[in-house]
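Asker: Going by our numbering, the residue at position 295 of the sequence shown is 295; the numbering climbs one at a time, nothing skipped.
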Amino acid sequence: MATLKQLHIFLAVAETLQMSEAARQLYISQPTVSQTISDLEREFDTALFERQPRFLRLTPGGVLLWEYAQQVVDSYARLDGVMHSVPATRSLRVGATITIGNTLLSHTVRELHRQCPDIETHLYVENTHLLEERLLHNEVDIALVEGTIVSDKIAKLPLTQDSLKVICSREHPFWERSEIAASDLRNQCFILREEGSGTRAIFENYMRTAKVPIRVVAESSSSTAIIEMVMENLGLGVLSRRCVRRYTTENRIHSCTIQGMPMDRYFYICYHVRRPVTSQMTDFIRVAREVAEESEE
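#1: Can you tell which of LEU136, GLY196, ALA88 and GLU15 has its C-alpha closest to the C-alpha of TYR219?
#2: Is SER255 helix, strand or coil by DSSP?
#3: What residue range does the beta strand (DSSP E) around PHE49 cover?
#4: Taking all protein chains shown into account, do 16 or more other C-beta atoms lie within 10 angstroms of the C-beta of PHE301, making it buried, or fewer, making it exposed?
#5: Using the C-alpha atoms, what's the distance from ARG274 back to LEU56?
#6: Output the distance between the C-alpha atoms of ASP283 and ARG110, rounded to the nearest integer angstrom.
#7: I need the DSSP call for MET261, collapsed to helix, strand or coil.
#8: Work out the CA separation of GLU120 and GLY235 for me, nearest whole Å.
#9: Which partner residues does THR160 have in the DSSP bridge list?
#10: Entirely within the region 61-111 and at least 3 residues each: give me those beta strand (DSSP E) ranges in chain order.
#11: Just to confirm the assignment: which complete beta strand (DSSP E) runs, minimum length 3, are found wholly within the region 180-249?
#12: Going by Cα to Cα distance, which pick from ALA210, ARG193, VAL212 and GLU21 is closest to SER222?
#13: Can you tell me whether ARG242 is buried or exposed? The criterion is at least 16 other CB atoms within 10 Å of its CB, across all chains shown.
#14: With which residues is ARG57 paired in a DSSP beta bridge?
#15: Since ASN127 and ILE98 are thought to touch, with beta carbons under 8 Å apart, how far apart are those beta carbons, to the nearest angstrom?
#16: Where does LYS153 sit, in a helix, a strand or coil, going by DSSP?
#17: Just how far apart, CA to CA, sit LEU105 and VAL72?
#18: Compare the C-alpha of LEU26 against each of ILE9, THR248 and ASP39 and name the closest.
#19: Out of THR249, ASN138 and GLU132, point me to the one whose CA is closest to VAL145's CA.
#20: Looking at the unbroken alpha helix (DSSP H) that takes in VAL291, where does it start and where does it end?
#21: Any idea what DSSP makes of HIS137, helix, strand or coil?
#22: So, using beta-carbon positions, are ALA155 and VAL94 closer together than 8 Å?
#23: I need the DSSP call for ALA2, collapsed to helix, strand or coil.
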């Protein structure tokens, strides 16, 4: 296979039609130019020049090589220009579902910036359905998701385990109970996440299996708003144990599990399978796993 250096020498000879002049322009010896042309003719098994007493003439094979060699050299020049203009920063569009946005995202991005200061992030915090659409339409590069992803075009890597808890206020009869039966939730008022939320979908599926109807009196995309309404005894909530841990530690709300329904789930790292995994995505995955592991300690 002809090298870029050989093509440059050939083009210089094709343009000057004199090996001595090509050697002078390239600051190399004439024997080097002559040897290069001979090597190319041997490789392609065709004469590239007709030797005249005072100059050379391109053969049909030489004309063909001149056309393609010029394209190769021009393409390499454009490649060289593009690679030398690569920005000093790496951009990364990160999505996170609201539960993860409230618990793991900030720490993960802060640690990513500490370890990889050249990565610039743009963040989107939305429910599972909206993030799936962003992934499919190339509006985010990578996302941390706790809900169910439907499309088989999105890869899902387990990040960490999580579980949902039923939460109540001090005034509620469930306050001191660590476990309740699914039937105890009949006729209870619920304050749930919005439609499209992975948290809500999981809880609704469990209740559907238990054949217990849900009475929703309020819904919000904000976990904090749900907790505030629960503290005012406006109803029961269902949120990630990570979202409520600080409030239960301070005894501001109480959490309990449903007997026989642990409502365990995973947080996932998601990205489109048909798009390249960039270096910044790889760095983000590594850091997200480090932060998730630390949060369990």
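Even glycine gets a Cβ: it sits at the ideal position worked out from N, Cα and C.
Answerer: Reading off the structure:
#1: Per the sequence shown, residue 219 should be read as Glu rather than Tyr. Check the Cα spacing between GLU219 and each of LEU136, GLY196, ALA88 and GLU15: the tightest is with GLY196.
#2: strand
#3: 49-51
#4: Because residue 301 is not part of the residues shown, which for the chain are 1 to 297, the question remains open.
#5: 51 Å
#6: A straight line joining the alpha-carbon of ASP283 with that of ARG110 spans about 13 Å.
#7: strand
#8: 41 Å
#9: PHE267
#10: 90-96
#11: 189-193, 215-220 and 236-240
#12: ARG193
#13: buried
#14: GLU50
#15: 6 Å
#16: LYS153 falls in the coil class under three-state DSSP.
#17: 46 Å
#18: ILE9
#19: GLU132
#20: 279-296
#21: DSSP places HIS137 outside both helix and strand once states are collapsed to three, so it counts as coil.
#22: no
#23: coil
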